Amino acid sequence: MTAAPQVYEVEEGQGDDPIQEAELWHALETTFSSPSYRPPKLPQVAVELLALSGKRNVEVAELVHLLERDSLLATRVVTRSNAPGLGATSPVRSLKAAVVRLGLAELRDLVMEESLGTRVFRAPGYQDALERVRLHSVATAHLARLVATATPFEGDYAFLCGLLHDVGYSTALVALAEGASAGRKPGTPATPLRPVTLLWPALAQVHERVAAHLAPEWKLTDEVRLVIQSHHVLELGGVVHPVAAVVALAEVLASELGFGLVPAATDVPVGLHPFTIDLPGERQRMQALDALRVDARALARLRAEAPARLTAAGLVPAVKAKAG
Ligand SMILES: [Fe+2]
Ligand SMILES: [Fe+2]
């Protein structure tokens with residue numbers, strides 16, 4: 370079980386000034402355009418599974434064969450297929466039975482959640498911040514799957530879009546840490562990394578653009594790419610994208626339960642305040658509710674069910690759900 374961290378951010382203007390968007394984007398573009406830059410890598414099995422999940426009529430044997438190449442992921446798939454909530458009447462022991470029980474979409478989601486949990490984003494100095502992004506993303510993914518059940522729209526990609534929607538923050542933090550170490554001359558002390566508290570506002574401005582650097586590398590489908598590159602705007606071609614709206618609503622619920630990107634604190638010390646970075650504004654909330662045709666009653670049901678979804682996912686809701 371993972372408790373949501375309680376985080377307090379220094380008031381803007383206290384100490385050093387936050388980095389500006391243009392300066393941050395310049396630093397990132399310099400790193401991205403360097404010949405030595407390599408985007409964060411997904412395990413190969415996850416990349417191939419993502420590609421397969423966009424196809425029809427994928428054979429179980431093909432999936433088993435793919436998973437057998439990564440024993441760690443294969444073990445996790447068997448374990449998770451026995452989790453409560455999947456309606457199992459008898460325990461699954463073989464990889465083939467686990468694949469059949471989960472189905473392709475759930476298998477893809479599970480492998481992606483496992484892959485992003487431990488292996489992809491590493492950056493000494495920013496590990497706590499990366500963990501915060503991960504917790505926020507996992508909570509949003511599970512709640513997006515819940516929100517999708519309350520809408521008339523196809524929710525096949527809701528979990529994946531929730532899981533990946535803020536991947537731009539993680540990619541940027543890793544690139545900044547790598548950029549700092551790459552610029553270091555041999556024998557000289559390491560340049561201290563800029564405190565992450567001074568990065569959040571500008572990261573929020575650029576994280577959707579940064580995600581574009583991963584989409585081709587990870588072979589993301591067009592729908593996932595569109596959502597992660599525009600989840601704050603919500604509108605594509607003048608129409609609210611339903612999965613982007615699902616993600617926005619899931620983020621609101623995640624934040625209410627202590628899993629905002631920078632969680633709201635309940636006992637803020639004097640001089641500090643909770644920082645609401647990345648949270649959809651009132652306009653986006655209303656747009657999302659309207660587009661998804663989620664009324665007050667449906668929202669109340671989602672709020673009531675959300676804590677149990679997080680608990681089942683191994684997360685501990687930090688705040689009790691509000692009624693209504
Ligand atoms: Fe987010
Ligand atoms: Fe975001």
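Numbers given in this note's numbering equal positions in the sequence shown, counted from 1, plus 369.
Ideal Cβ placement from N, Cα and C applies to all residues, glycine included.
Bear in mind the structure is a predicted one, so any value in this text is a computation, not a measurement.
Residue i Cβ short of 7 Å to ligand 2 heavy atom set
{"i": "HIS576", "result": "yes"}
{"i": "ASP647", "result": "yes"}
{"i": "HIS434", "result": "no"}
{"i": "HIS610", "result": "no"}
{"i": "HIS601", "result": "yes"}
Neighbourhood of residue i by C-beta distance below 8 Å, restricted to the same chain and skipping five residues each side
{"i": "VAL575", "result": "GLU390, LEU393, TRP394, LEU397, GLY537, ALA541"}
{"i": "LEU336", "result": "Missing from the structure shown is residue 336; the chain here goes from 370 to 693 and no further."}
{"i": "SER599", "result": "GLU577, LEU605, HIS610, ALA613"}
{"i": "PRO442", "result": "The residue you asked about is not Pro; residue 442 is Leu in the sequence shown. Taken in chain order, the residues that qualify are PRO412, VAL414, ALA415, LEU436, VAL480, GLU483, SER484."}
Closest by C-alpha distance to residue i, when choosing among the options
{"i": "LEU533", "options": "ASP497, PRO521, ALA544, VAL579", "result": "VAL579"}
{"i": "ARG670", "options": "ARG425, GLN413, LEU504, LEU512", "result": "LEU512"}
{"i": "GLU592", "options": "HIS582, ALA452, GLY606, HIS610", "result": "HIS610"}
{"i": "ALA573", "options": "SER539, VAL615, ARG438", "result": "SER539"}
{"i": "GLU417", "options": "ARG477, LEU605, SER403, LYS465", "result": "ARG477"}
{"i": "ASP439", "options": "ARG462, ARG470, THR448, GLN413", "result": "GLN413"}
{"i": "THR645", "options": "VAL543, ALA466, ARG470, GLU620", "result": "GLU620"}
{"i": "GLU625", "options": "ALA673, PRO453, PRO460, ALA430", "result": "ALA673"}
{"i": "VAL543", "options": "ARG563, PHE528, ASP525", "result": "ARG563"}
{"i": "ALA517", "options": "LYS410, ALA617, ALA681, PRO453", "result": "ALA617"}
{"i": "VAL429", "options": "VAL602, GLY548, ARG470", "result": "ARG470"}
{"i": "LYS465", "options": "VAL447, PRO453, GLU475", "result": "VAL447"}
{"i": "ALA584", "options": "ALA546, GLU475, ASP535", "result": "ASP535"}
{"i": "ALA681", "options": "ASP497, ALA492, VAL507", "result": "VAL507"}
{"i": "TRP587", "options": "LEU603, ARG488, LEU419", "result": "LEU419"}
Heavy atom of ligand 1 within 7 Å of residue i beta-carbon
{"i": "LEU679", "result": "no"}
{"i": "GLU344", "result": "No answer is possible for residue 344: it lies beyond the span of the chain, which begins at 370 and ends at 693."}
{"i": "HIS505", "result": "yes"}
{"i": "GLU620", "result": "yes"}
{"i": "VAL535", "result": "For the record, residue 535 in the displayed sequence is Asp; it is not Val. At least one heavy atom of ligand 1 is nearer than 7 Å to the Cβ of ASP535, so yes."}
{"i": "THR509", "result": "yes"}
{"i": "LEU393", "result": "no"}
{"i": "LEU730", "result": "No answer is possible for residue 730: the residues shown for the chain start at 370 and end at 693."}
{"i": "LEU630", "result": "yes"}
Same chain, Cβ closer than 6 Å to residue i, neighbours up to 5 away in sequence not counted
{"i": "VAL596", "result": "CYS530, VAL612, ALA613"}
{"i": "ARG449", "result": "LEU479"}
{"i": "ALA667", "result": "ALA519"}
{"i": "LEU622", "result": "LEU512, ALA675"}
{"i": "PRO404", "result": "none"}
{"i": "ARG445", "result": "GLU483"}
{"i": "VAL663", "result": "ALA519"}
{"i": "THR694", "result": "The requested residue 694 is not part of the displayed model; the chain covers only 370 to 693."}
Same chain only: Cβ atoms within 7 Å of residue i, ignoring 5 sequence neighbours per side
{"i": "ALA660", "result": "VAL609, PRO611, ALA614"}
{"i": "PRO387", "result": "GLU381, LEU567, PRO570, ALA571"}
{"i": "HIS582", "result": "PHE401, PRO408, THR540"}
{"i": "PHE490", "result": "PRO409, LEU499, SER539, VAL543"}
*Those runs of the alpha helix (DSSP H) which lie wholly inside the stretch 414–456 and span at least 4 residues*: Counting whole runs of 4 or more residues, the stretch 414–456 contains the alpha helix (DSSP H) stretches 429–436, 440–450.
_Within the stretch 573–611, ranges of the alpha helix (DSSP H) (whole runs, at least 4 residues)_ = Listed in chain order, they are 591–598.
_What ranges does the alpha helix (DSSP H) occupy inside the stretch 647–674, keeping only unbroken runs of at least 4 residues that lie completely in it?_
Whole alpha helix (DSSP H) segments, 4+ residues: 651–661.
_4 or more residues per run - each alpha helix (DSSP H) lying fully within the stretch 499–548_ = Counting whole runs of 4 or more residues, the stretch 499–548 contains the alpha helix (DSSP H) stretches 527–533.
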